[in-house]
Amino acid sequence: WLLWSTIGFGLFYAALTYGANYGPSWLVASTFEFTIIAGMFIGPLLETKGQRKSISKASLLFSILIFLGILLMQISEAQSTFLNSMLLGTIPVLIGAIAYPLGNRKMMKISNNRLDAFQRTLGMTLCSMPFWIILSLFGYSDHGLPTDSQLFQTFLVAICSGVIATLLFFSATDFVYHDHKALAAVEATQAMEVIFTLLGEILFLQAALPNVYSCMGIVLVVIGMILHSRTS
2 WLLWSTIGFG LFYAALTYGA NYGPSWLVAS TFEFTIIAGM FIGPLLETKG
52 QRKSISKASL LFSILIFLGI LLMQISEAQS TFLNSMLLGT IPVLIGAIAY
102 PLGNRKMMKI SNNRLDAFQR TLGMTLCSMP FWIILSLFGY SDHGLPTDSQ
152 LFQTFLVAIC SGVIATLLFF SATDFVYHDH KALAAVEATQ AMEVIFTLLG
202 EILFLQAALP NVYSCMGIVL VVIGMILHSR TS
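Our numbering numbers the first residue of the sequence shown as 2 and each following residue consecutively.
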């Protein structure tokens, strides 16, 4: 529990937060959609040899479509930023994109449906606390205590993403745990966060509109998600 909770919650959120310092939110959200492909391959790898199911060709094709959309958005960002900044933003997000489905699916196997989404989320949160305490000590040594604004923003993220979104997502994955194709479709719904993030940045943060390559990439990501849902 300690290991996989730390990977699924700790490593995932820490890597995602680090990568968010080096790129716009919509780009971080779109890069994180690599988790759809990662989850598709992680699922069969966690099964024993005799129980391993083959990956659906259609699901793989739709996931590749989503990945091509991510590449298009990365290309557009590469035109306006330095390579090292792009790598510092992209690599941690990709690590988080692998850690999230790995920790989640491993914990589903460990709990074996004995726990519901609320219990599993609480257990993983508690078991990842040592990681967060160590990380907070490093943060305190470098920057001191967080400001009131940082605490409020962290509270909003914790409620919206850490509680509401995680509980809904875990509940959905519990329903289709034994169906890898349907599980891939559930994970593909995360692609919609790209659209919501982009709209949120434009409406509330007055962010600039993405260029034509980024728009094409977003369209590919959404199409891939829709196709995933229709085939499952």
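C-beta atoms are modelled at their ideal positions from N, C-alpha and C, and glycine is treated no differently. Here the structure is a predicted model, which is why all the values come from computation and not from measurement.
| Check | Outcome |
| --- | --- |
| Is it buried or exposed, S129, if we count other Cβ atoms within 10 angstroms and call 16 or more buried? | buried |
| Since L184 and V177 should fall inside the 8 Å C-beta cutoff, what is the C-beta to C-beta distance between them, to a whole number of angstroms? | 5 Å |
| So what does DSSP say about A15, is it helix, strand or coil? | helix |
| Among residues of its own chain, excluding the 5 on either side of I203, which ones have a beta-carbon nearer than 8 Å to its beta-carbon? | L210 |
| Just checking my contact of I67 with G225 at CB under 8 Å: how many whole Å lie between their CB atoms? | 4 Å |
| Say whether the region 147-164 touches the region 94-107, bearing in mind that this needs 3 or more beta-carbon pairs closer than 8 Å, one atom from each stretch. | no |
| Suppose only complete runs of 4+ residues qualify. What are the alpha helix (DSSP H) ranges in the region 111-149, listed by chain order? | 118-128 and 130-144 |
| Compute the distance between the beta-carbons of Y19 and P93, then report whether it is under 8 Å. | yes |
| What residue from G163, I76 and M108 has the CA that sits closest to M217's CA? | I76 |
| Answer with buried or exposed for Q191, where buried requires no fewer than 16 other C-beta atoms within 10 angstroms of its C-beta. | buried |
| Let's test the definition: count the other Cβ atoms within 10 Å of the Cβ of A148 and tell me whether it reaches 16, buried, or not, exposed. | For the sequence presented, residue 148 should be read as Thr rather than Ala. By the 10 Å Cβ count, T148 comes out exposed. |
| Helix or strand or just coil, what does DSSP make of G104? | helix |
| Check each candidate in K58, Q207 and V222 and name the one with the smallest Cα separation from P25. | Q207 |
| Determine the contact status of F197 and T7, defining contact as a CB-CB distance below 8 Å. | no |
| From what residue to what residue does the alpha helix (DSSP H) around W5 run? | L3 to S6 |
| How big is the Cα-Cα spacing for A59 and D143? | 48 Å |
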